[in-house]
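Engineer: Could you have a look at this structure, given as structure tokens, before my questions?
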Amino acid sequence: MNRAAHTITFIARFVVIGLALAFVIALIWPQSGDALRARLGLAPAAPASTARAASAGHPAAAPSHNAPSAPSSYANAVARAAPSVVNIYANRVVTEQPVLRYSDPSLQRMLGDIPTGPAQRRREQNLGSGVILDSKGYVLTNNHVIAGAQNIQVLLYDGRVAEASVVGSDPDTDLAVLKVNASDLPAIHLASRPIRVGDVVLAIGNPFGIGQTVTMGIISAIGRQLNAVSPEDFIQTDAAINFGNSGGALVNARGNLVGINTALLGRASGAEGIGFAIPASTAKNVLDQIIDTGHVVRGWLGIEYTSVPISANSGLPPAARGVWVTDVYPGGPAAEAGIHAGDVLLQIGDKDIVDPSSLRHREIAMKPGTKVKVSGLRAGRPFSTTLTLTQRPPLSVLAPQQQQSQQGQNP
Numbered sequence: 006m007n008r009a010a011h012t013i014t015f016i017a018r019f020v021v022i023g024l025a026l027a028f029v030i031a032l033i034w035p036q037s038g039d040a041l042r043a044r045l046g047l048a049p050a051a052p053a054s055t056a057r058a059a060s061a062g063h064p065a066a067a068p069s070h071n072a073p074s075a076p077s078s079y080a081n082a083v084a085r086a087a088p089s090v091v092n093i094y095a096n097r098v099v100t101e102q103p104v105l106r107y108s109d110p111s112l113q114r115m116l117g118d119i120p121t122g123p124a125q126r127r128r129e130q131n132l133g134s135g136v137i138l139d140s141k142g143y144v145l146t147n148n149h150v151i152a153g154a155q156n157i158q159v160l161l162y163d164g165r166v167a168e169a170s171v172v173g174s175d176p177d178t179d180l181a182v183l184k185v186n187a188s189d190l191p192a193i194h195l196a197s198r199p200i201r202v203g204d205v206v207l208a209i210g211n212p213f214g215i216g217q218t219v220t221m222g223i224i225s226a227i228g229r230q231l232n233a234v235s236p237e238d239f240i241q242t243d244a245a246i247n248f249g250n251s252g253g254a255l256v257n258a259r260g261n262l263v264g265i266n267t268a269l270l271g272r273a274s275g276a277e278g279i280g281f282a283i284p285a286s287t288a289k290n291v292l293d294q295i296i297d298t299g300h301v302v303r304g305w306l307g308i309e310y311t312s313v314p315i316s317a318n319s320g321l322p323p324a325a326r327g328v329w330v331t332d333v334y335p336g337g338p339a340a341e342a343g344i345h346a347g348d349v350l351l352q353i354g355d356k357d358i359v360d361p362s363s364l365r366h367r368e369i370a371m372k373p374g375t376k377v378k379v380s381g382l383r384a385g386r387p388f389s390t391t392l393t394l395t396q397r398p399p400l401s402v403l404a405p406q407q408q409q410s411q412q413g414q415n416p
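Residue numbers (the numbering used here): 6 to 416.
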């Protein structure tokens, strides 16, 4: 009996010592349990909160080991892109005639504005931003930032102030190319990967002239049209864009350029967090053409079109592709070829027309003078014709009314 008691006492002492030692190790090294389980090939224990959530029937509470973790900072992306973003100050002299304007509507209609003195000249400054696309000094900005300016000054990231001249502009995309008289200019890097809805983006610019500012958001949509006749698509983002951001950079989480900030929907229309940027690929194409030729060349069919309306008597399948011609410009290529409003165009050249966006991209990519066969349906019957594309007229000529009602505001 004494031998059995001694044995039990001996075992109990070692158990107590082992528990005490395990307690001390757990205090000093809390991860020791998980490390031991991993070495033995056992699954790690779930945290108490996760276990409670899982037992309550919430599968989302289970940890996900495949979900990528978001970076805690975008400072590296900003450091990569910010030196290529400049502040633009476009100065112009405005002449105004002081007039007397009657508050009474009847008097105002009868007498109009009455001059009260000599014309006065005042200096007006427009704020904006720009992006250095080439180390030789070529800068992209918005056309509305520099339109009518007699003097343009650029504030570089390193504090230098340089004079800039206009190389050329493209009102259709609201882009302009400047040449900055300075050296050692850091060109921004263009994004090589296609953008996706949900990607994180950073807007860099000079809002309200307070200095270079960075805001963050995501890509809300791609392929947006700001008016019915715009030749290009836009990126929609909720990154804050304000007055002075026009022409600034929209970059991805790596600091590479994905767009040029150009327009927003203001709070006056009840909108918040809806801004637009010109895709970097479009901006680069405009830059190259303006540097090479001084202007941008686009093909034009001479029609306006939209998605095909599907109705029970249309004679089209439920998933019909193509475009529906809504308007034909008199004297344009389509009018000369006999295309009518209401026609459904299904094929151009030897390729099918998928939707209005695909046709628009192919239309502006073709050179003026190109002859192309167009086929489709007219009143449900097949037809085909050949037309010769011409140079696309400016938006102000095509649709001044639509341009005036454009929803996007220039920041």
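Heads up, the beta-carbon is just placed ideally off N, CA and C, and yes, glycines get one too.
What residue range is occupied by the uninterrupted alpha helix (DSSP H) comprising Asn148?
Structural biologist: Unbroken alpha helix (DSSP H) run through Asn148: 148–151.
Engineer: With which residues is Gln158 paired in a DSSP beta bridge?
Structural biologist: Gln158 is bridged to Tyr94, Glu168.
Engineer: Rounding to the nearest angstrom, what Cα-Cα distance links Gln294 and Ser111 in this structure?
Structural biologist: Going from the Cα of Gln294 to the Cα of Ser111 covers about 53 Å.
Engineer: Going along the chain, which residues of its own chain have a beta-carbon closer than 6 Å to the beta-carbon of Arg18, five neighbours each way excluded?
Structural biologist: If we look at Arg18 and ignore the five residues flanking it on each side, it has no Cβ neighbours.
Engineer: Check each candidate in Ala84, Pro361, Ala181, Ala384 and name the one with the smallest Cα separation from Asn290.
Structural biologist: Checking every option, the nearest Cα to that of Asn290 belongs to Ala181.
Engineer: In terms of residue numbering, what span does the alpha helix (DSSP H) encompassing Gln294 cover?
Structural biologist: Taken as a continuous stretch (DSSP letters only), the alpha helix (DSSP H) holding Gln294 covers 285–298.
Engineer: So which of Lys184, Gly173, Asn96, Asp179 has the shortest CA-CA distance to Ile137?
Structural biologist: Nearest option by C-alpha distance: Lys184.
Engineer: Tell me the rounded alpha-carbon separation between Asp177 and Leu400.
Structural biologist: Asp177 and Leu400: Cα-Cα distance of roughly 6 Å.
Engineer: Would you kindly work out how many angstroms separate the C-alpha atoms of Gln352 and Ile151, rounded to a whole number?
Structural biologist: The straight-line gap from Cα to Cα measures roughly 41 Å.
Engineer: Is Gln230 helix, strand or coil when you go by DSSP?
Structural biologist: Coil.
Engineer: Mind checking which residues open and close the beta strand (DSSP E) that includes Glu341?
Structural biologist: Per DSSP, Glu341 belongs to no beta strand (DSSP E); it is in the alpha helix (DSSP H), 338–341.
Engineer: What is the DSSP secondary structure of Asn186, counted as helix, strand or coil?
Structural biologist: Three-state result, Asn186: coil.
Engineer: What first and last residue would you give for the beta strand (DSSP E) that runs through Leu269?
Structural biologist: Here the beta strand (DSSP E) through Leu269 covers 262–269.
Engineer: To the nearest angstrom, report how far apart Arg386 and Phe239 are at their CA atoms.
Structural biologist: Taking the straight line joining both Cα atoms gives about 35 Å.
Engineer: Which residues share a DSSP beta bridge with Gln2?
Structural biologist: Limits of the chain in this structure are 6 at one end and 416 at the other, which puts residue 2 out of reach.
Engineer: Measuring alpha carbon to alpha carbon, tell me which of Ser78, Ala244, Ala370 ends up nearest Gly304.
Structural biologist: It is Ala370 whose Cα lies nearest to the Cα of Gly304.
Engineer: Here's the rule I'm using: 16 or more other beta-carbon atoms within 10 Å means buried, otherwise exposed. How should Glu129 be labelled?
Structural biologist: Result: exposed.
Engineer: Note down the Cα distance separating Gly203 from Gly252, rounded to an integer number of angstroms.
Structural biologist: Answer to the nearest angstrom: the Cα atoms are 22 Å apart.
Engineer: What's the gap between the Cα of Glu1 and the Cα of Gly299?
Structural biologist: Nothing in the structure corresponds to residue 1, since the chain is present only between 6 and 416.
Engineer: Measuring straight from C-alpha to C-alpha, what distance separates Val90 and Ser77?
Structural biologist: Computed Cα separation, rounded: 23 Å.
Engineer: Would you kindly report the start and end of the unbroken beta strand (DSSP E) that includes Leu195?
Structural biologist: Counting along the chain, Leu195 falls outside any beta strand (DSSP E), and DSSP gives it neither H nor E.
Engineer: Roughly how many angstroms separate the alpha carbons of Gly278 and Asn211, rounded to a whole number?
Structural biologist: So the two alpha carbons sit approximately 18 Å from each other.
Engineer: From Ala154 to Asn131, what does the alpha carbon distance come to, in whole angstroms?
Structural biologist: Each residue's Cα considered, the two are about 9 Å apart.
Engineer: When we look at the beta-carbon of Leu207 and count the other beta-carbons within 10 Å, is it buried (16 or more) or exposed?
Structural biologist: Classification of Leu207: buried, given that the 10 Å Cβ count is 16 or more.
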